[in-house]
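What follows is a set of notes on a single structure, which appears directly below.
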Amino acid sequence: MTGPEGQPIPLNGPVAVPPKDEGKPGSVLDAVEGGPLAGAVSGIVQGLTAKQKKISPRYFYDSAGSSLFERITQLPEYYLTRSENAVVERTVDAIVRQVAPQEVLELGTGSSKKIRQILDACSQTELPRYTAFDIDRGAVTTAVETIGQAYPGIDARGVVGDFEKHLSLLPQSPGRRLVVFFGSIIGNLDPWPRRRFLANVRTLLGPRDRFLLGVDLKKEPHVLEAAYNDAEGIIAEFNRNILNVVNRLVDANFDPGAFRHQAIWNEDDGRIEMYLIAETRQEILLGAGGVTITVEPGETIWTESSYKFTRRGAQGMLEEAKMRLDAWHTDTMFGLALAAPDGS
Ligand SMILES: C[S@@+](CC[C@H](N)C(=O)[O-])C[C@H]1O[C@@H](n2cnc3c(N)ncnc32)[C@H](O)[C@@H]1O
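In the numbering used here, the protein residues as written are 317 to 660.
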């Protein structure tokens, strides 16, 4: 597989890695020493000193951001979580029968609520392990505790890491693995990092393992724009909270209240784009980077893209990563793809 200029896509580490620290039931391990945000300063400073200022969406999820995201999932306009839940509910028994997983590895765990449908359906099969993987330590810790308590027969453990960088550091699976990536989080990755991410997921799969991927589907722009511009303003609050995270990580002095939220549909690129727009001129000191930036009135900081997909597009990106679409389930709003490694 090659990248835009024909060069091979670099994976996020060697494929044949020695088994990593396995941890033990109930453990929460860091994928890398110091946690996934240890090297955040240079990336954040680079994004904020670019012509189009940008902050990566990975910084949305401190504990406040994760709580706000939970409120977003309840919003009447935000159909994504309800739709995905409904599709999972309808299809989970067939998926679990087909895969009979011995490990469920959940990437971007969040509240770990949706995964319970999978774990419930697995109760008839032999599932020794659930592994939660998220950049937010609180999310991983809560998932390990709550899943461990609710399913005493399951060995629940967690890894705090960045799924764009640390997948190759995951310990090997004890058996058939189902890698789950719910929430259309894949839509937050631009095409190039998305290819690299999927290539890395592929390295986690042996012949009997499967990848379950939730993708939000293309639909009428007014439905998409409403989903990201709720009347209550919770997504605006979620968007502005990223500045609190940046303030902590790079010792900056953003005033989140001086920015308003905007989410627009970009038809050409097939994505919702989320921005923070400055209300006033501001000088922001990025202390840890030793630089000051100026934000002009009306200037935007691009905080998130949410790409939307079609069945064909989802199949294409899986095939490019040497996976085969085994099953496709949808309610026409949201799609759930079950993928198998090529040649299995
Ligand atoms: C939109 S929420 C989805 C949560 C849940 N999977 C769901 O479907 O409701 C995204 C989750 O992915 C995590 N996340 C975002 N970027 C990440 C990254 N680069 N590496 C690991 N986790 C990440 C966030 O912390 C958050 O818990």
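In this text, a Cβ means the ideal position worked out from N, Cα and C, and glycines have one as well.
1. For a quick check, are the C-beta atoms of Gln578 and Gly491 less than 8 Å apart?
2. According to DSSP, is Ser372 helix, strand or coil?
3. Should Ala455 be listed as close to ligand 1, given that the test is whether its C-beta is under 7 Å from any heavy atom?
4. If you check the beta carbons only, do Pro657 and Met639 fall under 8 Å apart?
5. Within 10 angstroms of the Cβ of Lys340, are there 16 or more other Cβ atoms? Answer buried if so, exposed if not.
6. Excluding the 5 residues preceding and the 5 following Leu652 in the sequence, name in chain order all residues of the same chain whose CB lies nearer than 6 Å to its CB.
7. Tell me, which residues are paired with Asn582 by DSSP?
8. Would you tell me roughly how many angstroms separate the C-alpha atoms of Gly426 and Ser358, rounded to the nearest one?
9. Please classify Ala543 as buried or exposed, where buried requires at least 16 neighbouring CB atoms within 10 angstroms.
10. Phe575 and Val562 look like a contact to me (Cβ under 8 Å); what is the Cβ gap, rounded to whole Å?
11. Counting only the same chain and skipping the five closest in sequence on each side, list residues whose C-beta sits under 8 Å from that of Arg556.
12. Pop quiz: Ala437 and Asp409 are said to be a contact at Cβ under 8 Å. What is the actual Cβ separation, rounded to whole angstroms?
13. Using the beta-carbon count (16 or more within 10 Å), is Gly424 buried or exposed?
14. For a quick check, are the C-beta atoms of Thr365 and Val611 less than 8 Å apart?
15. Looking at the strands, I want to know which residues DSSP matches up with Ala656.
16. Say the cut is 7 Å; is the CB of Gly499 nearer than that to a heavy atom of ligand 1?
17. Is Glu422 closer than 8 Å to Ile661 when the C-beta atoms are compared?
18. With three or more C-beta pairs closer than 8 Å as the rule, is the segment 477-489 touching the segment 505-523?
19. Taking contact to mean 3 or more Cβ pairs, one atom from each stretch, closer than 8 Å, check whether the segment 458-471 and the segment 383-401 are in contact.
20. Is Ile580 near ligand 1, with its Cβ less than 7 Å from a heavy atom?
21. To which residues of the same chain is Ile550 closer than 8 Å at the C-beta, ignoring the five residues directly before and after it?
22. Which one or two residues does DSSP pair with Trp618 in a beta bridge?
23. Using only the heavy atoms of ligand 1, determine whether one of them is closer than 7 Å to the beta carbon of Thr648.
24. Between which two residues does the alpha helix (DSSP H) holding Lys465 run?
25. Could you pull out every residue in the same chain whose Cβ sits closer than 7 Å to the Cβ of Gln368, ignoring the five residues on either side in sequence?
26. Less than 6 Å between C-beta atoms, sequence neighbours within five positions excluded: which residues of the same chain meet that for Gly381?
27. Helix, strand or coil: which one does DSSP assign to Arg398?
28. Excluding the 5 residues flanking Val361 on each side, which residues of the same chain have their C-beta closer than 6 Å to its C-beta?
29. Leaving out five residues on either side along the sequence, give the residues of the same chain with a beta carbon under 6 Å from the beta carbon of Ser660.
30. Let me know the secondary structure DSSP gives Phe385 once reduced to three states.
31. Can you give the Cα-Cα distance for Gly351 and Gly342, rounded to whole angstroms?
32. With DSSP as the reference, label Gln672 as helix, strand or coil.
33. Strictly by DSSP, which residues pair up with Val607?
This is what the structure holds:
1. no
2. coil
3. yes
4. yes
5. exposed
6. Val403, Gly530, His645
7. Arg587
8. 26 Å
9. buried
10. Actually they do not touch by this definition, with Cβ atoms about 12 Å apart.
11. Pro572, Gly573, Phe575, His577, Leu592
12. 5 Å
13. buried
14. no
15. Arg640
16. yes
17. The structure shown does not extend to residue 661, since the chain is modelled only from 317 to 660, so the question has no answer here.
18. yes
19. no
20. no
21. Leu384, Arg387, Ile388, Leu391
22. Lys370, Tyr591
23. no
24. The sequence given here places Gln at residue 465; Lys does not occur at that position. 453-466 is the extent of the alpha helix (DSSP H) around Gln465.
25. Trp618
26. Asn557
27. helix
28. Leu602, Gly605
29. Pro523
30. helix
31. 18 Å
32. Outside the modelled stretch of the chain, which goes from 317 to 660, sits residue 672, for which no answer is possible.
33. Leu602
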